[in-house]
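Oh and the sequence shown: position 117 is 129 in this note's numbering, straight run, nothing missing. Step one of this worksheet: look at the structure below.
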Amino acid sequence: MNLENIDKKQLFREITELMQPLYFPVPYDEDNIRTLAQHEYELFCKVLSVRYGFDIDKYVFEHDGHSPFDVIYEDVICELKSRMRRDPFLLQSEAIRQHLVTLVRQAVVRAGGCLGTFYKNVGVHHMEYKSGDMYDDVPAVVFRRGMACTAGGYESAMLYDIYLAPDDRLMCTVDDKDCSEYDVSLDILLLESLFEVVHWLRINHFLPDTDAPDWVCEECGSSDVETLAWVRPNENNSFADYLGVDDNGNNWCHHCEEHTALVQFTGNEDSKSSSVS
């Protein structure tokens, strides 16, 4: 059967059969949901075109930008959006991932764009490193390659380099069990592996031992403080917004054991950094 002769109902049914039961977009906002839905729609059109031996690019070119799928476009997008779900755990983990990636980027930039984690190369790739000095605690990472030959598409390897690519992406050079080196994007590392990389960077003094606090108690300088915030009770009490630190009644210092003003940590005597806990 020619794809052009398939009625709208059958075309829609065949596309919905290709959909996932549910989608969990990250981040969860209207722009990203629309982008994800558009990407899925285009993928489904390509799959059905291959299934029916239909040259969609040629058809679109010959028909002034139109395709046989146009009649179900809005229905498909609507169906996809109805399957989108907000997963608070996924969104929180993505926020953590972004923070960890930022820390790794900071370390790589300070190192001149390339940081060795197997050999002690700094600023140059290990293949250009003239010394054989190695670390004793080389990190291993797990990542998703999507290859059928690995269990679930996951693979583990030793981490050799983290570097900035010409397009400013963070990349890793890894070495697998077969002693094969190749480059992968830092984005595909599992969250646990990102934690290990950041810990390794701290241990080897590429990052501060701890992150400096944003806010401290105005009276004693302690960072062991709290401030009231709005949370979403139906989404695992995920953070919504601050009430604001201007009102002392919104803040609490565990060191002083009383409500107090909060000030931004600056690392000098103005924020009493010497007593930060």
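For each residue, glycine too, the CB sits at the ideal point set by N, CA and C. Please read all numbers here as calculations on a predicted model, not as lab measurements.
What are the boundary residues of the alpha helix (DSSP H) that includes Y254? First-last for Y254: 250-254, but that is the beta strand (DSSP E), not the alpha helix (DSSP H).
So what does DSSP say about S205, is it helix, strand or coil? S205 falls in the helix class under three-state DSSP.
Give me the Cβ distance between T185 and Y172, rounded to the nearest whole Å; I'm assuming they're in contact under 8 Å. Y172 and T185 do touch by the CB rule: their CB atoms are close to 4 Å apart, below 8 Å.
Check for me: the alpha helix (DSSP H) holding F56 runs from which residue to which? Where F56 is concerned, the enclosing alpha helix (DSSP H) stretches over 42-63.
Label E29 either buried or exposed according to how many other C-beta atoms from any shown protein chain fall within 10 Å of its C-beta, with 16 as the threshold for buried. With fewer than 16 Cβ atoms within 10 Å of its Cβ, E29 is classed as exposed.
How would you label T129, buried or exposed, when you count the other beta carbons within 10 angstroms and need 16 or more for buried? Counting other Cβ atoms within 10 Å of its Cβ, T129 reaches 16 or more and is therefore classed as buried.
Note down the Cα distance separating R156 from Y35, rounded to an integer number of angstroms. Spanning the two alpha carbons is a distance of roughly 19 Å.
Could you tell me how far apart the beta carbons of L176 and V120 are, in whole angstroms, since I believe they sit closer than 8 Å? Cβ atoms of L176 and V120 come within 8 Å of each other, at about 6 Å.
Proximity of W264 and L255 at Cβ, strictly below 8 Å: No, Cβ-Cβ distance for W264 and L255 is not below 8 Å.
Across which residues does DSSP place Y71 in a beta bridge pair? For Y71, DSSP assigns no beta-bridge partner whatsoever.
Kindly indicate which three-state DSSP category F218 falls into: helix, strand or coil? Three-state result, F218: coil.
Nearest residue (CA-CA) to E240, options E247, D258, E230, G144: Per the sequence presented here, residue 240 reads as Leu, with Glu not at that position. Of the candidates E247, D258, E230, G144, the residue whose Cα lies closest to the Cα of L240 is D258.
Boundaries of the beta strand (DSSP E) in which T239 is found, first to last residue: 237-239 is the span of the beta strand (DSSP E), which, as asked, contains T239.
With hydrogens ignored, establish whether the beta-carbon of N17 is closer than 7 Å to any heavy atom of the ligand ADP. Of the ligands one can find in the structure shown there are none, so the ligand ADP has no counterpart to examine.
Cβ atoms of F218 and A291: under 8 Å apart, would you say? There is simply no residue 291 to check, as the chain begins at 13 and stops at 289 in what is shown.
Quick one, are the C-beta atoms of L198 and V116 less than 8 Å apart? With contacts defined by Cβ atoms closer than 8 Å, L198 and V116 form a contacting pair.
I174 lies in the beta strand (DSSP E); which residues open and close that run? According to the DSSP assignment, I174 belongs to the beta strand (DSSP E) that extends over 166-176.
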